[in-house]
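Last residue of the sequence shown: number 286 in full-length UniProt numbering, and the count goes up by one each step with no gaps.
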Amino acid sequence: RTVYVNGDYVPENEAVISIFDRGFLMADGVYEVTSVLGGKLIDFEGHAARLERSLSELDMPHPCTKDEMLEIHRELVRLNGIEEGLVYLQVTRGSDGDRDFVFPDRETTKPTIVLFTQSKPGLADNPAAKRGTKVISIDDIRWGRRDIKTVQLLYPSMGKMMAKAAGADDAWMIEDGAVTEGTSNNAYIVKDGKIVTRGLSSDILHGITRAAVLRFAREAQMEVEERAFTIEEAKAAEEAFSTSASAFVMPVVEIDGVPLGDGTPGPVARRLREIYLDESLKTAI
Ligand code: PMP
């Protein structure tokens with residue numbers, strides 16, 4: 002695999018980063034994951050805009066322009082022959098060669114930028130989407146700025162492991178009785194035919210797929226309600242699903258062992274997945 006590190010395209014085993022990098026020592030970094038379908042980038046504009054916002058919220062300089070970023074994404078897709086898969090991008094604050102809690106000087110410390118691809122044949126035609134996924138609920142004990150897409154993914158990783166140990170696929174997190182989001186996706190239920198999902202705040206990541214799916218749903222005259230919902234409400238819902246750049250719209254058919262409806266992916270989730278795949282391909286670049 003060819004990867005990108007700080008201006009260079011290199012074989013993955015030749016990419017080098019300092020052990021003092023604050024991304025490594027302090028999770029002082031942000032990331033984006035953009036999916037690739039038919040060799041093209043899905044929702045690139047949205048991911049570029051969110052990266053911009055994550056960087057500015059953390060007062061981190063941008064390592065390159067949006068056009069340069071697009072060029073790097075495209076070049077890696079080309080070099081690695083990615084038809085279906087993902088491009089991962091990470092920017093960290095870098096380091097001034099020492100470990101200190103205080104941020105290093107912004108003018109003299111270059112951020113670190115790394116990109117690599119992951120080939121995922123079958124991303125669109127995913128058997129899990131046909132079968133539906135099972136989730137468990139766990140406490141949301143993450144920090145209070147979940148709207149910034151940082152690389153602090155330890156608790157979400159633990160959540161996935163808890164799900165796996167329970168024979169499920171993922172975990173939905175709960176705070177003050179309400180579902181915040183999945184470990185790596187936004188969470189939805191369908192109630193009385195309405196799509197219900199938590200509104201945007203610093204409690205959740207502002208999903209790029211969420212924004213697109215809600216727009217397509219409204220354009221298709223489907224009703225959308227942005228509000229918090231409890232796990233009990235979710236267990237009694239007609240349907241549930243999640244969205245993310247790497248799984249698109251993913252039906253959820255079981256929550257904490259309770260099957261939803263007849264235990265198969267519901268019509269709203271299936272339709273939204275189809276619409277999302279069709280529509281987002283039209284703006285793929
Ligand atoms: N919430 C969390 C916590 C996530 O990690 C992700 C995916 N990175 C999402 C939501 C979905 O965001 P997106 O649609 O931009 O992939």
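C-beta: ideal position from N, C-alpha, C; glycine also.
Pairwise C-alpha distance: residue j and residue i
{"i": "Y189", "j": "I196", "result": "7 Å"}
{"i": "Y5", "j": "G168", "result": "37 Å"}
{"i": "A16", "j": "A212", "result": "34 Å"}
{"i": "A235", "j": "V103", "result": "43 Å"}
{"i": "S19", "j": "G145", "result": "29 Å"}
{"i": "R199", "j": "N186", "result": "12 Å"}
{"i": "R51", "j": "T265", "result": "33 Å"}
{"i": "E239", "j": "G267", "result": "8 Å"}
{"i": "L201", "j": "H207", "result": "6 Å"}
{"i": "F21", "j": "T66", "result": "25 Å"}
{"i": "D126", "j": "L278", "result": "10 Å"}
{"i": "G262", "j": "V191", "result": "11 Å"}
{"i": "P260", "j": "E227", "result": "24 Å"}
{"i": "Y10", "j": "R132", "result": "39 Å"}
{"i": "K111", "j": "E13", "result": "21 Å"}
{"i": "Q153", "j": "G183", "result": "15 Å"}
{"i": "S55", "j": "R107", "result": "16 Å"}
{"i": "D99", "j": "P62", "result": "19 Å"}
{"i": "E69", "j": "H48", "result": "14 Å"}
{"i": "K150", "j": "G194", "result": "31 Å"}
One or two residues paired with residue i in a DSSP bridge
{"i": "I196", "result": "V191 and V225"}
{"i": "D140", "result": "I175"}
{"i": "I114", "result": "V92"}
{"i": "P252", "result": "F242"}
{"i": "Y277", "result": "None; Y277 has no bridge partner."}
{"i": "N186", "result": "G183"}
{"i": "P157", "result": "According to DSSP, which records beta bridges pairwise, P157 is partnered with nothing at all."}
{"i": "T231", "result": "A179"}
{"i": "T151", "result": "V31"}
{"i": "P105", "result": "Looking at the DSSP assignment, P105 forms no beta bridge with any residue, so it has no partner."}
{"i": "G168", "result": "DSSP, once it has assigned bridges, lists no residue as partnering G168."}
{"i": "A86", "result": "A small fix is needed here, since residue 86 is Gly in this sequence, not Ala. BP columns for G86 point to V37 and S120."}
For residue i, three-class secondary structure by DSSP
{"i": "G30", "result": "strand"}
{"i": "N81", "result": "coil"}
{"i": "residue 1", "result": "Nothing can be reported for residue 1: it is not among the residues displayed for the chain, which extend from 2 to 286."}
{"i": "K135", "result": "strand"}
{"i": "K236", "result": "helix"}
{"i": "L38", "result": "strand"}
{"i": "G145", "result": "coil"}
{"i": "P64", "result": "coil"}
{"i": "G24", "result": "helix"}
{"i": "L201", "result": "coil"}
{"i": "L71", "result": "helix"}
{"i": "L206", "result": "coil"}
{"i": "L282", "result": "helix"}
Span of the alpha helix (DSSP H), counted from its first residue to its last, around residue i
{"i": "T210", "result": "I209 to E220"}
{"i": "P122", "result": "Element bounds for P122: n/a, residue is neither H nor E."}
{"i": "F45", "result": "F45 to E58"}
First through last residue of the beta strand (DSSP E) which encompasses residue i
{"i": "V11", "result": "D9 to P12"}
{"i": "T109", "result": "No beta strand (DSSP E) contains T109, which DSSP labels as neither H nor E."}
{"i": "V4", "result": "T3 to V6"}
Residue i CB to nearest heavy atom of the ligand MG below 7 Å
{"i": "T244", "result": "Ligands in the displayed structure: the ligand PMP; the ligand MG is not one of them."}
*Would the segment 26-38 and the segment 85-103 be scored as touching if the rule is three or more Cβ pairs under 8 Å?*
yes
*Could you tell me whether the segment 249-257 touches the segment 134-148, using the rule of 3 or more Cβ pairs below 8 Å?*
yes
_Using 8 Å as the cut-off, can you tell me whether the segment 240-248 makes contact with the segment 216-225, which would need three or more C-beta pairs spanning the two stretches below that distance?_
no
_Under 8 Å, with one C-beta from each stretch per pair, do the segment 40-47 and the segment 108-120 reach the 3-pair mark?_
no
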